[in-house]
Amino acid sequence: AYAFPEYDTPVKVGKKFAVIGGGNTAMDAARSALRLGAEVWILYRRTKKEMTARIEEIHHAEEEGVKFMFLVSPKRFIGDEHGNLKAIELEKMKLGEPDETGRRRPIPTGETFIMEIDNAVIAIGQTPNKTFIQSVPDLLVDRWGRIVVDDKLMTSIPGVFAGGDAIRG
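For the sequence shown, the residue numbers in my numbering are 372 to 540.
Dropping the structure here:
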């Protein structure tokens with residue numbers, strides 16, 4: 372990107388694009404792929420209620436035409452004879468008891484199906500650098516390793532603020 376337009380590398384999203392995840396990064400990836408011309412599906416292992424994305428992000432994705440499939444989890448990616456992605460095997464899920472985050476735990480049902488896709492992005496498990504967080508003296512964290520802040524986002528260290536995934540997990 373720093374040498375554009377001398378080196379203009381096209382972004383090829385394919386015709387049918389899958390985004391695995393339910394957070395803000397998943398919404399960003401889905402909306403970007405949609406704007407590049409793909410039919411986009413967000414695949415999420417829980418329901419809309421349990422998604423971690425901000426509700427406005429979900430609504431914007433819906434308004435733009437992103438499609439959602441809930442209670443599914445990727446089991447394997449399937450390639451063609453040239454090594455290109457052609458499909459994803461998805462396993463249907465059901466919701467069990469709440470986990471440590473308070474969201475109901477997804478439980479595999481054993482039932483699978485194949486969804487044809489050209490491209491996919493895995494947008495799950497984004498976490499802050501805990502090694503850095505643990506190395507800061509006097510920085511208070513909760514039992515999940517998230518930085519504790521007050522209503523103005525100030526940490527336990529006066530004048531030091533935190534936000535985003537560092538406080539939400």
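Virtual Cβ for every residue (Gly too), placed ideally from N, Cα, C. Being a predicted model, the structure only gives us computed values, none of them experimental.
Endpoints, the alpha helix (DSSP H) within which residue 426 is located:
426 to 435
Could I get the ranges of all uninterrupted beta strand (DSSP E) runs contained in the segment 386 to 427, with 3 residues as the minimum, in chain order?
387 to 391, 410 to 415
Name the two residues that bound the continuous alpha helix (DSSP H) containing residue 447.
Run containing residue 447: none in the alpha helix (DSSP H); it sits in the beta strand (DSSP E), 443 to 450.
Would you report the Cα separation of residue 532 and residue 506, rounded to the nearest angstrom?
16 Å
What residue does the alpha helix (DSSP H) around residue 383 start on, and which one ends it?
Unbroken run through residue 383: none, as it is neither H nor E.
Going by the DSSP bridge assignment, what does residue 483 pair with across the sheet?
462
For residue 457, does the three-state DSSP call read helix, strand or coil?
strand
Determine the direct distance from the alpha carbon of residue 523 to that of residue 455, and round the result to whole angstroms.
48 Å
Quick one: is residue 477 buried, meaning 16 or more other Cβ sit within 10 Å of its Cβ, or exposed?
buried
Report the rounded CA-to-CA distance for residue 536 versus residue 424, giving the unit in angstroms.
11 Å
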